[in-house]
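**Student:** Below you'll find the structure I mean.
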Amino acid sequence: MSDATALLREPWQRLERQRQAGKFGIWIFLASETLFFGALLLTYAVCRIEHPDAFAAAGRETNIWFGTINTAILLTSSLTMAVASQAAAQKGRVRQLVLACLGATAALGVAFMIVKGFEYKEDIEKHLVPGTGFALSQPSAQLFYGLYWLVTGVHAIHLTIGIALVVRLVLLGAARRIRLRGSPELEVTALYWHLVDVVWIFLYPLIYLPGRAS
Amino acid sequence: MTDAALAGELPFPPRPDYLRAGSTLLSWLATTDHKRIAILYALTITVFFFMGGAAITAVRVELFVPNGWFLTSDTYNRLFSFHGIIMVWFFLVPSIPNTFGNFLLPLMIGAPDVAFPRLNLFSWYLTLVGGIFAVYTLVAGGVDTGWTFYTPFSTMFSNTHVLTAAAAVFVVGFASIATGVNFIATTHMLRAPGMTWFRLPMFVWSIYATSIVMVLSTPVLAISLMLVIAERWLGLPIFDPARGGDPILFQHLFWFYSHPAVYIMVLPAMGVVSEIIPCFARRRLFGYDFMVYAIIAIAGIGFFVWGHHMFVSGQSPYASLIFSFLSFVIAVPSAIKVFNWTASLYRGQISFNSPMIYALGFVGLFTTGGLSGLFLASIPVDVHVTDTYFVVAHFHYIMVGGSVSAFFGALHFWWPKITGKMYPESWAQFAAITMYFGFNMTFLPQFVAGYLGMPRRYHTYPAEFQVYNVMSSAGAAVLAAAYLLPLVYLMWSLFHGARASNNPWGATGLEWTTTSPPPPHNFDLQPLVDRAPYQYHAEGESAGSDAPEVQNARSLR
Amino acid sequence: MNAIFALPEASTQAVRVDGILAALVIVSALTLALVFGLLVSFAIRYRRGSKAKRGRLPEIVNREFEVGWTAATFFLFAFLFWWAASADVGALTAPANALEVHVLAKQWMWKTQHANGAREIDELHVPVGRPVRLVMTSQDVIHSFFVPAFRIKQDVLPGRNTETWFQATKLGVFPLLCAEYCGTNHSAMRGRITVMREEDYARWLSAQPEGDDLAHVGAKLFVSQGCSGCHASSSAVHAPKLEGLYGRTVQLSDGRQVRADDAYIRDSMLQPKRDIVAGFDPIMPSFAGLLDDGDIQSLTAFIRSLGQEHGHD
């Protein structure tokens, strides 16, 4: 079986067209995701404009170390992901490099989740969960933490899906069930991974920096 | 029809069509054939249509008398909420796009399938899961928030199954997004050679524009419902005014989706009508390019008019002015479409087959509904009639008079192609006419009742409105009969109908060049397109008796 | 109460709304007549096999035709917008001499309170010919204050004041309805507006049981909640004085100017750090959670009384 027929699926007749369609489709989906997170960030913006003091006070309670470490982890994972997808587009023997980079990406994703887990644990211990017994006195500080849990939770779900997709590629690639070189699936997974990353770049300043500027 | 003979009868092909290409249950439930998925959708939404219909039948029967006679207020509130949720998200939004869009989009652009066939099937399963949530909500005791889920009623005060209802809509929203992504990619990547953008049939344009609206607005609905779920379930304070939350924010998020959703429901209907009218008038569609621009304009401006739902909500009066202006502006492309459909009849050879009756009914009812929209765009008038039966009448004219009429028009127009069978035409004409009159009987009185001040969602009402409610309820009975009728004779046609030819109406689209029903991969030969759609006669002429020039003059293997 | 086919025009706003509505009905009827007329006449004239002329299309049926009706439609709609919008803008704010009535909505009743403290439930008595300004808030969910005969409707929100106003022009009793779905007995959340002659109203008002008027309740809260510790004229703390504040334009420390209306006063109590008056330190704590909506209405009424009645104790 040639390269092309191994990767070709219904209803496509040419691999190049199929790859274009996959990329095009994921871009459309990312546009949809942008509106999804956009609506959340809009909600955040409205609440913050209505309650600047409470948001500053609440922002100071977040643990900036966890946030910063996670930002570094996620940015690095985007680098390894970019290397993987660039390598897969090259000619020659790149399978090992692609596999290694994908593995590193998934590992960094898991590392992010572990750090996030510790952060959640600390937040719960500090009573930063909205509801009775909430740590801060201002009622509207609960808004900040309501959004904090929601936004980071939704982001974590996205990241979990991303990790699953990358691990799937690693397993299939290692077992030689799919050909990683030129694989449309790899490109699509990479684009999705970068989106999850970009979302975090927006979340970091919104969550960890309020109230810390001066 | 004589055109059927002109278009030529092909011998029934030796290979099985898509309906006979497998007969096990699994061959349907695991299919990736867009045509079979369309059938799955059609069955699903038919069930939901009659569920939503049954709920509103009880409501209309209750409203015969001012103070109610067999429902409690709680039951009444649950019934109209169920009606709204089911009809909007489980019938209207998926109706034309997911059945006819799925079936026809690849056929019309000369493709073997949609771009992502497995995603297409996945989307149907999501719809099913959402539907199960919705049915569970009903069985467990219902939800009483109305289809709008307004906070803080939905988050803090309702004692009904808001969580599962919101989850139902949340899940079916992802089905919408998946379908939208699929259709956009299909339209971009799978057009047959020669099928340029300005040779696309209007139906493809309308599905394309609808898909864009779906992809960009549905995620905002997902977020607004997710916030409701989070607040109700986890106690997050987003919309709780006591903890600094803002209930109006929910309305902004909700209408940012739900106004464009109106266009998700009506744009495909416009596409259907733009196919039917040229065919039965034997005329080119008047002003094809203007029709395309109008659809794009409606889809685009549709994102910026949501605030006209909120003129009395306490939003900034300056914002209201802008939303009011844009709401008038968006009426312009709609008006263009009405004028162009009308002009397409000029010097035609018009025959009144049932699809055409539905299409003409659509034009009349959509015009009425659209004009009543001008009342709602004018702030002082809207203040008086919003949240009354005037609004109920207005959006039913657009969504039922418009979209549902077009849905039935499409059903009758493409039924021969989908099933390979002809239905009894005089029954179909009778049903179409009954539907038109039943509809007007039901909803015309509601404009008056609304102006006189009857609020919507009222279980009991002041006695002076009874005459209008009796008229409405009586009309609804006629309408219900008109909806049940096609169910009977279309079923009958499946077993006893005459076999349909490939092109029974003598229409120009690519879908009519393949067999009825089409083979699994749509075309035996790769279509090659060398002309624009709707060439029912030569340029600059009016309708003649010459055979139409079907879009693919040549076929390549 | 209402005739079946006509709704009384019982306020100044009603006349305006009906004017625009009549114009829209005429425009719609003409458009419908045009569209239906063309549909029907084309359908008959150009039915299949009729002898009507077909052949080459006349030159007029072309692009200019299309541009022409697009432009015509646009200008018609722009005119309608301009007319409706100017009517809306003209009626945005209540006249200064308006009577003020407070409305508190809850599932499923309307509580109204006149400036002198007289309270009513599901009823409101107003004098004819005087503008009446309604300051409304809700205790629970969103309701909507709807008087069809006056052509007014305004959502009533929890945690926030909304306002509307009317000037009744006809004597009589008119239905008040809740127009925003609010739960089980939404359709039973109805009341009556009674429009009386000015002198009858005065007589009615004086016959009502003496309630503490809002400003007096506010004055007591002003002391009991500790506001007077800083804001009383005798206080040593450097805090803005409230005498004559209501309705004045306030210069804020960040350079903005705001009008001291109900919303501003409400925000100043609940979110004092948001709008700091120029020349003062942000030292006031938030009273969110300590004051309910009724308290805020009373305090606002008290602050307003400081501006209006000179020499209030």
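Protein chains in written order, with the working numbering: chain W, 1 to 214; chain D, 1001 to 1557; chain Z, 2001 to 2313. Heads up, the beta-carbon is just placed ideally off N, CA and C, and yes, glycines get one too. Just so it is clear, the structure is predicted and the values come from calculations on it, not from any experiment.
1) Using the beta-carbon count (16 or more within 10 Å), is Ala1007 of chain D buried or exposed?
2) Which residues in the same chain have their Cβ closer than 7 Å to the Cβ of His1161 of chain D, if we skip the five residues on either side of it in sequence?
3) Under the DSSP definition of a beta bridge, which residues are partnered with Trp200 of chain W?
4) Hey, how far is the Cα of Arg2248 of chain Z from the Cα of Met1051 of chain D?
5) Would you give the residue range spanned by the alpha helix (DSSP H) that Pro1317 of chain D belongs to?
6) Verify the CB distance criterion: does Pro1219 of chain D have a CB-CB separation below 7 Å to chain W?
7) Between which two residues does the beta strand (DSSP E) containing Ser2144 of chain Z stretch?
8) So, at 6 Å on beta carbons, what are the nonlocal neighbours of Ala2105 of chain Z in its own chain, with the 5 sequence-adjacent residues on each side left out?
9) Just the chain W side, please: which residues come within less than 7 Å of Met1189 of chain D by C-beta, in chain order?
10) Could you list the residues in the region 1111–1138 of chain D with a C-beta less than 7 Å from some C-beta on chain W, going in chain order?
11) Which residue wins for smallest C-alpha separation from Ala190 of chain W, given the options W:Ile114, W:Gly59, W:Leu30?
12) In or out: Trp1233 of chain D buried (at least 16 other Cβ within 10 Å) or exposed?
13) Against chain Z, does Pro210 of chain W count as a neighbour if the rule is that its beta carbon must be under 7 Å from one of theirs?
14) Kindly list, in the order they appear in chain W, the residues whose Cβ is closer than 8 Å to that of Arg1243 of chain D.
15) Can you pull the chain Z neighbours of Ile1336 of chain D, defined as C-beta to C-beta under 7 Å?
16) To the nearest angstrom, how far is it from the Cα of Tyr1468 of chain D to the Cα of Val1172 of chain D?
17) Rounded to whole angstroms, what is the Cα-Cα separation between Val154 of chain W and Gly22 of chain W?
18) Could you work out which residues of chain Z lie near Val1332 of chain D, taking near to mean beta carbons separated by less than 7 Å?
19) Can you list the residues of chain D that Glu50 of chain W reaches, using a CB-CB cut of under 8 Å?
20) According to the Cβ coordinates, are Pro1598 of chain D and Tyr1018 of chain D closer than 7 Å?
21) How would you label Val1396 of chain D, buried or exposed, when you count the other beta carbons within 10 angstroms and need 16 or more for buried?
22) When the Cα atoms are used, what is the spatial distance from Leu159 of chain W to Tyr204 of chain W?
23) Do you know offhand how far Phe1304 of chain D's Cα is from Phe1323 of chain D's?
24) Where are the alpha helix (DSSP H) runs, 4 residues long or more, that stay fully inside the region 1241–1318 of chain D, in chain order?
25) So the beta strand (DSSP E) Leu2176 of chain Z belongs to, where does it begin and stop?
26) Looking at chain Z, is there any beta carbon in it that lies within less than 7 Å of the beta carbon of Val1273 of chain D?
27) Checking contacts by CB at 7 Å: is Leu147 of chain W closer than that to chain Z?
28) Do Gly1348 of chain D and Arg1283 of chain D have their C-beta atoms closer together than 7 Å?
29) What would DSSP say about Gly1084 of chain D, mapped onto helix, strand or coil?
30) Can you give the Cα-Cα distance for Pro1333 of chain D and Val1093 of chain D, rounded to whole angstroms?
31) Would you say Glu1425 of chain D reaches chain Z, if we count a Cβ-Cβ gap shorter than 7 Å as a contact?
32) In whole angstroms, what separates the C-alpha of Leu75 of chain W from that of Val2067 of chain Z?
33) Quick test of the definition: if touching needs 3 or more C-beta pairs under 8 Å, does the region 1307–1314 of chain D touch the region 1213–1220 of chain D?
34) Can you find a C-beta in chain Z that's less than 7 Å from the C-beta of Asn1466 of chain D?
35) Based on DSSP bridge pairs, tell me the residues matched to Gly2191 of chain Z.
36) Nearest to Arg1199 of chain D by alpha carbon, out of D:Met1454, D:Glu1541, D:Ser1351, D:Tyr1534?
**Tutor:** Result, derived from the coordinates:
1) On the second sequence, position 7 is the one that residue 1007 of chain D refers to. Bear in mind that the predicted position of Ala1007 of chain D carries a pLDDT of just 42, short of 50, making it unreliable; the figure below should be weighed with that in mind. The residue in question, Ala1007 of chain D, is buried, as its Cβ has 16 or more Cβ neighbours within 10 Å.
2) What you label residue 1161 of chain D is simply residue 161 of the second sequence in a count that begins at 1. Taken in chain order, the residues that qualify are Thr1137, Ala1140, Gly1141, Gly1142, Val1143.
3) In the first sequence, the residue the question calls residue 200 of chain W occupies position 200. DSSP, once it has assigned bridges, lists no residue as partnering Trp200 of chain W.
4) As a working mapping, residue 2248 of chain Z is identified with position 248 in the third sequence. As a working mapping, residue 1051 of chain D is identified with position 51 in the second sequence. Near 58 Å, if we compare the C-alpha coordinates of Met1051 of chain D and Arg2248 of chain Z.
5) By 1-based counting over the second sequence, the position of residue 1317 of chain D is 317. Where Pro1317 of chain D is concerned, the enclosing alpha helix (DSSP H) stretches over 1317–1345.
6) Counting from 1 along the second sequence, the entry for residue 1219 of chain D is found at position 219. For Pro1219 of chain D, the answer is yes, since a Cβ of chain W falls inside 7 Å of its Cβ.
7) Within the third sequence, the letter at position 144 stands for residue 2144 of chain Z. 2143–2147 is the span of the beta strand (DSSP E), which, as asked, contains Ser2144 of chain Z.
8) Looking up residue 2105 of chain Z in the third sequence gives position 105. Hits under 6 Å: Ser2138, His2143, Val2156.
9) As a position in the second sequence, residue 1189 of chain D is number 189, starting the count at 1. Those are Arg17, Gln20, Ala21, Phe24, listed as they occur along chain W.
10) Ala1111, Pro1112, Asp1113, Ala1115, Phe1116, Pro1117
11) Counting from one through the first sequence, the residue named residue 190 of chain W turns up at place 190. The shortest Cα separation from Ala190 of chain W among W:Ile114, W:Gly59, W:Leu30 belongs to W:Leu30.
12) By 1-based counting over the second sequence, the position of residue 1233 of chain D is 233. Trp1233 of chain D should be labelled exposed.
13) The count along the first sequence starts at 1 and reaches residue 210 of chain W at position 210. For Pro210 of chain W, the answer is no, since every Cβ of chain Z falls outside 7 Å of its Cβ.
14) If you number the second sequence from 1, residue 1243 of chain D lands on position 243. Within chain W, the residues near Arg1243 of chain D are Pro130, Pro139, Ser140, Gln142, Leu143.
15) As a position in the second sequence, residue 1336 of chain D is number 336, starting the count at 1. Chain Z residues near Ile1336 of chain D: Thr2070.
16) In the second sequence, counting from the first residue as 1, residue 1468 of chain D sits at position 468. In the second sequence, counting from the first residue as 1, residue 1172 of chain D sits at position 172. Going by the C-alpha atoms only, they are around 35 Å apart.
17) Looking up residue 154 of chain W in the first sequence gives position 154. Looking up residue 22 of chain W in the first sequence gives position 22. Whole-angstrom Cα-Cα distance: 24 Å.
18) Here residue 1332 of chain D is taken as the residue at index 332 of the second sequence, counted from 1. Those within 7 Å of Val1332 of chain D in chain Z are Thr2070, Thr2073, Phe2074, Phe2077.
19) Position 50 of the first sequence, counted from the first residue, corresponds to residue 50 of chain W. In chain order: Gly1244, Asp1246.
20) Shown here, chain D extends from 1001 to 1557; a query on residue 1598 of chain D therefore has no answer.
21) One-based indexing of the second sequence puts residue 1396 of chain D at position 396. In the sequence on display, residue 1396 of chain D carries His and not Val. Buried, because 16 or more other Cβ atoms sit within 10 Å of the Cβ of His1396 of chain D.
22) Here the question's residue 159 of chain W lines up with position 159 in the first sequence. Here the question's residue 204 of chain W lines up with position 204 in the first sequence. If I take the Cα positions, the gap works out to 15 Å.
23) For this step, residue 1304 of chain D is matched to residue 304 along the second sequence. For this step, residue 1323 of chain D is matched to residue 323 along the second sequence. Taking the straight line joining both Cα atoms gives about 7 Å.
24) 1247–1281, 1288–1301
25) Taking the first residue of the third sequence as position 1, residue 2176 of chain Z is located at position 176. Residues 2172–2178.
26) One-based indexing of the second sequence puts residue 1273 of chain D at position 273. False, the Cβ-Cβ gap to chain Z never drops below 7 Å.
27) Taking the first residue of the first sequence as 1, we reach residue 147 of chain W at position 147. Not one chain Z Cβ lies under 7 Å of Leu147 of chain W.
28) One-based indexing of the second sequence puts residue 1348 of chain D at position 348. One-based indexing of the second sequence puts residue 1283 of chain D at position 283. For Gly1348 of chain D and Arg1283 of chain D, yes; Cβs fall inside 7 Å.
29) Along the second sequence, one-based indexing puts residue 1084 of chain D at 84. DSSP places Gly1084 of chain D in helix when its eight states are reduced to three.
30) Position 333 of the second sequence, counted from the first residue, corresponds to residue 1333 of chain D. Position 93 of the second sequence, counted from the first residue, corresponds to residue 1093 of chain D. Their Cα atoms are separated by approximately 21 Å.
31) Within the second sequence, numbered from 1, the residue matching residue 1425 of chain D stands at position 425. Judged by the 7 Å Cβ criterion, Glu1425 of chain D is not in contact with chain Z.
32) By 1-based counting over the first sequence, the position of residue 75 of chain W is 75. By 1-based counting over the third sequence, the position of residue 2067 of chain Z is 67. Cα to Cα, Leu75 of chain W sits roughly 53 Å from Val2067 of chain Z.
33) no
34) Taking the first residue of the second sequence as position 1, residue 1466 of chain D is located at position 466. Sequence inspection shows Gln at residue 1466 of chain D; the Asn mentioned does not correspond to that position. Taking Cβ atoms only, chain Z never reaches closer than 7 Å to Gln1466 of chain D, which makes this a no.
35) Taking the first residue of the third sequence as 1, we reach residue 2191 of chain Z at position 191. For Gly2191 of chain Z, which the question treats as bridged, DSSP gives the partners Z:Leu2176.
36) Counting from 1 along the second sequence, the entry for residue 1199 of chain D is found at position 199. When only C-alpha atoms are compared, the closest one is D:Tyr1534.
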